[in-house]
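One structure is given here, and the rest of the page talks about it.
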Amino acid sequence: MKQIMPRKNKEKIIDLIKENKIIGISVDTCIFHKMGYKFDSPFLQALQQFSSVSIPVIFSEIVINEIISHTNDNTKNGLDNLQKT
Numbered sequence: 419m420k421q422i423m424p425r426k427n428k429e430k431i432i433d434l435i436k437e438n439k440i441i442g443i444s445v446d447t448c449i450f451h452k453m454g455y456k457f458d459s460p461f462l463q464a465l466q467q468f469s470s471v472s473i474p475v476i477f478s479e480i481v482i483n484e485i486i487s488h489t490n491d492n493t494k495n496g497l498d499n500l501q502k503t
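In structure tokens form, the structure reads like this:
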């Protein structure tokens, strides 16, 4: 059975961080896919806010490999399309 993280408002998240109940944030590949692998997207840039509260943003090895694979595929497809023109 798939577990879904409960949604919290900003104030509740801040309280949980202060209470050391949130010790890190994990980002899945679906976020990068949703952002079109634009690493300068506002959402991904917003992750910088956690550096001021010492909350690590965690990228698993699987996520990193998937991101590399998808960006390589996108680059290859772009080059293939460019060569066809």
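The sequence shown runs contiguously to residue 503 in this note's numbering. We put the beta carbon where it would ideally sit given N, CA and C, even for glycine.
In this structure I485 does not touch G442 by the C-beta definition: roughly 18 Å separates them, more than the 8 Å allowed.
Inside the segment 437-467, DSSP marks no whole beta strand (DSSP E) run of 3 or more residues.
In this structure, the CA atom of H488 is about 31 Å from the CA atom of V471.
A residue is called buried when at least 16 other Cβ atoms come within 10 angstroms of its Cβ; F461 does not meet this threshold and is exposed. In the DSSP assignment, N490 falls within the alpha helix (DSSP H) that extends over E479 to K502. In this structure, the straight-line span from the alpha carbon of I449 to that of K428 is close to 19 Å. I431 sits in a helix when the DSSP states are folded into three classes.
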